[in-house]
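Enquirer:
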Amino acid sequence: MKVTLHKDFIFGKAEQWTMTSKDERVYQITVSLPKHARHLSDVPVLYVLDGDAYFTMFREMIQLQSRRSDKTGIKDMAIVGIGYGADRSFHSNRVYDFTPPSHSLSLPIKPDGSPWPDSGGADKFLAFIEEELKPELEACYSFNKHQQMIFGHSLGGLFTLYTLFRKPTAFQRYFACSPSIWWNEKMIVEHVTQLMFEREDVRQNIKLFMAAGTEEKPFLLNDAKEMRNLLTDAGMETLFVEGQGENHASIVPSIFSTGMRYLQAE
Numbered sequence: 058m059k060v061t062l063h064k065d066f067i068f069g070k071a072e073q074w075t076m077t078s079k080d081e082r083v084y085q086i087t088v089s090l091p092k093h094a095r096h097l098s099d100v101p102v103l104y105v106l107d108g109d110a111y112f113t114m115f116r117e118m119i120q121l122q123s124r125r126s127d128k129t130g131i132k133d134m135a136i137v138g139i140g141y142g143a144d145r146s147f148h149s150n151r152v153y154d155f156t157p158p159s160h161s162l163s164l165p166i167k168p169d170g171s172p173w174p175d176s177g178g179a180d181k182f183l184a185f186i187e188e189e190l191k192p193e194l195e196a197c198y199s200f201n202k203h204q205q206m207i208f209g210h211s212l213g214g215l216f217t218l219y220t221l222f223r224k225p226t227a228f229q230r231y232f233a234c235s236p237s238i239w240w241n242e243k244m245i246v247e248h249v250t251q252l253m254f255e256r257e258d259v260r261q262n263i264k265l266f267m268a269a270g271t272e273e274k275p276f277l278l279n280d281a282k283e284m285r286n287l288l289t290d291a292g293m294e295t296l297f298v299e300g301q302g303e304n305h306a307s308i309v310p311s312i313f314s315t316g317m318r319y320l321q322a323e
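Counting from 1 along the sequence shown, just add 57 to a position and that's the residue number in the numbering used here.
#1: Between the region 119-134 and the region 216-236, can you find at least three pairs of beta-carbon atoms closer than 8 Å?
#2: Whole angstroms is fine: what's the gap from Gln301's alpha carbon to Ala196's?
#3: Does the distance between the C-beta of Ile119 and the nearest non-hydrogen atom of the ligand ATP fall short of 7 Å?
#4: Can Cys234 and Ile119 be called in contact, C-beta distance under 8 Å?
#5: Can you list the beta strand (DSSP E) stretches of 3 or more residues lying completely in the region 103-168, in chain order?
#6: Ignoring anything shorter than 4 residues or poking outside the region 183-230, list the alpha helix (DSSP H) runs there in chain order.
#7: Is the distance from the Cβ of Gln251 to the Cβ of Phe222 below 8 Å?
#8: Tell me which residues share the same chain as Leu106 and place their Cβ nearer than 8 Å to its Cβ, disregarding the 5 neighbours each side in the sequence.
#9: What are the boundary residues of the beta strand (DSSP E) that includes Ala306?
#10: Which one of Arg116, Pro101 and Gly170 has the shortest CA to CA distance from Leu320?
#11: With distances taken between CB atoms, is the gap from Pro174 to Tyr141 smaller than 8 Å?
#12: Could you check whether Phe266 and Lys282 sit closer than 8 Å to each other, using their CB atoms as the reference points?
#13: Determine the DSSP secondary structure at Thr271, reduced to helix, strand or coil.
#14: Exposed or buried, which one is Val83 when buried takes at least 16 other CB atoms within 10 Å?
#15: Would you kindly work out how many angstroms separate the C-alpha atoms of Met76 and Glu242, rounded to a whole number?
#16: Contact defined as beta carbons within less than 8 Å: I believe Pro157 pairs with Gly177. What is the distance between those atoms, to the nearest angstrom?
#17: If you compare alpha carbons, which of Ala71, Phe115 and Phe182 is closest to Glu81?
#18: With distances taken Cα to Cα, identify the nearest neighbour of Ser146 among Ala306, Met134, Leu103 and His93.
#19: Skipping 5 residues on each side, what residues in its chain have a beta carbon closer than 6 Å to that of Glu72?
#20: Just tell me which of Glu117, Val137 and Asp144 has its CA closest to the CA of Ile131.
#21: Cutting at 7 Å between CB atoms, please list the residues of its own chain near Arg285, excluding the five before and the five after it.
#22: Taking the alpha-carbon positions, what's the Phe200 to His248 distance?
#23: Measure the Cβ-Cβ separation of Val246 and Pro225 and say whether it is below 8 Å.
#24: Within 10 angstroms of its Cβ, does Glu303 collect 16 or more other Cβ (buried), or is it exposed?
#25: Quick check on DSSP: helix, strand or coil for Leu265?
#26: Do Trp239 and Phe276 have their C-beta atoms within less than 8 Å of each other?
#27: Let me know the secondary structure DSSP gives Leu277 once reduced to three states.
Shown next, in the form of structure tokens:
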């Protein structure tokens, strides 16, 4: 089915609309443009997963700090939030979109005892971003195709890593916060070797920032450290930071500026 695009409203220098993918999944897309950029092709673009939860916060943090980028190290940039337009920050559809496909599935029991939502749609979600969303945005805004970054937290962090392994050229900068490496008995680790087969110049053009909090469940922290070691051995520039005293929720705002400084640095 052809993608349908319907603009809802504009606030400030941000625009928001709903977008229906070819496989009938509906997303709320929110775009914030840099205040003083003469040409959008000159500025980087940050794609934010779980846009319902994080878009507004990131927009305000970047706009505030970019006023004195010489002091903060944070440059202004375009921001694209990918959400679901729900009345809650984290929609259950994210489980399907952010998790890799698998012939078998082994998951722990959810804390509340409820069944897991459908999963395994990461390839379709990546195709939506690459083949439908990006072309639409590039047609509207002429975004730079070579200065693109993706942020994901928790399951969004898992998708960020999966994208890095499946199609590393989709973005040049990757920000994985508390990634759910544990998903399906750490099946994401199997994909690390795919980077080994990429050309060296492809690997050298990529940077990854990962973080996890010391007050999160220990396996989240340890899994991220192990992933950092694997990727360093694969020859990719990777920085991992422990958020001292931070838990699974507080790690995002506390570590965001550190990650952005690292990923925006030349």
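Note that beta-carbon positions come from the ideal geometry of N, C-alpha and C, so glycine has one too.
Expert: Let's see:
#1: No, because fewer than three Cβ pairs between the region 216-236 and the region 119-134 fall closer than 8 Å, the two stretches do not touch.
#2: So the alpha carbons of these two residues sit roughly 42 Å apart.
#3: What this structure holds is no ligand at all, so the ligand ATP is not there to describe.
#4: Cβ atoms of Cys234 and Ile119: not closer than 8 Å.
#5: The region 103-168 contains these whole beta strand (DSSP E) runs: 135-140.
#6: Taking only runs of at least 4 residues, the alpha helix (DSSP H) segments lying wholly in the region 183-230 are 191-198 and 212-223.
#7: Yes, the pair counts as a contact, with Cβ atoms nearer than the cut-off.
#8: Ile139, Arg151, Phe155, Ile207, Phe208, Gly209, His210, Gly213, Phe216 and Thr217, listed in sequence order.
#9: Per DSSP, Ala306 lies in no beta strand (DSSP E) segment and is marked neither H nor E.
#10: Ranking Arg116, Pro101 and Gly170 by Cα distance to Leu320 puts Pro101 first.
#11: For Pro174 and Tyr141, no; Cβs fall outside 8 Å.
#12: Not in contact: Lys282 and Phe266 (Cβ atoms no closer than 8 Å).
#13: Look at Thr271 here: in three-state DSSP terms it is coil, with no helix or strand label.
#14: Counting every other CB atom within 10 Å of its CB across the protein chains shown gives Val83 a total below 16, marking it as exposed.
#15: Counting only the Cα atoms, Glu242 lies some 33 Å from Met76.
#16: Going by Cβ atoms, the distance from Pro157 to Gly177 rounds to 7 Å, so yes, they are a contact pair.
#17: A check of alpha carbon separations from Glu81 across Ala71, Phe115 and Phe182 identifies Phe182 as the nearest.
#18: The residue with the shortest Cα to Cα distance from Ser146 is Ala306.
#19: When the five nearest sequence neighbours on each side are left out, the beta carbons in the same chain lying within less than 6 Å of the beta carbon of Glu72 are those of Val88, in order along the chain.
#20: Of Glu117, Val137 and Asp144, the smallest CA-CA separation from Ile131 is found for Glu117.
#21: Answer for Arg285: Met267, Thr295 and Phe297, listed in chain order.
#22: Cα atoms of Phe200 and His248: separation of roughly 29 Å, rounded to the nearest angstrom.
#23: In this structure, Pro225 does not lie closer than 8 Å to Val246 by Cβ.
#24: The residue in question, Glu303, is buried, as its Cβ has 16 or more Cβ neighbours within 10 Å.
#25: Strand.
#26: Yes, Cβ-Cβ distance for Trp239 and Phe276 is below 8 Å.
#27: Of the three classes helix, strand and coil, the one that applies to Leu277 here is helix, per DSSP.
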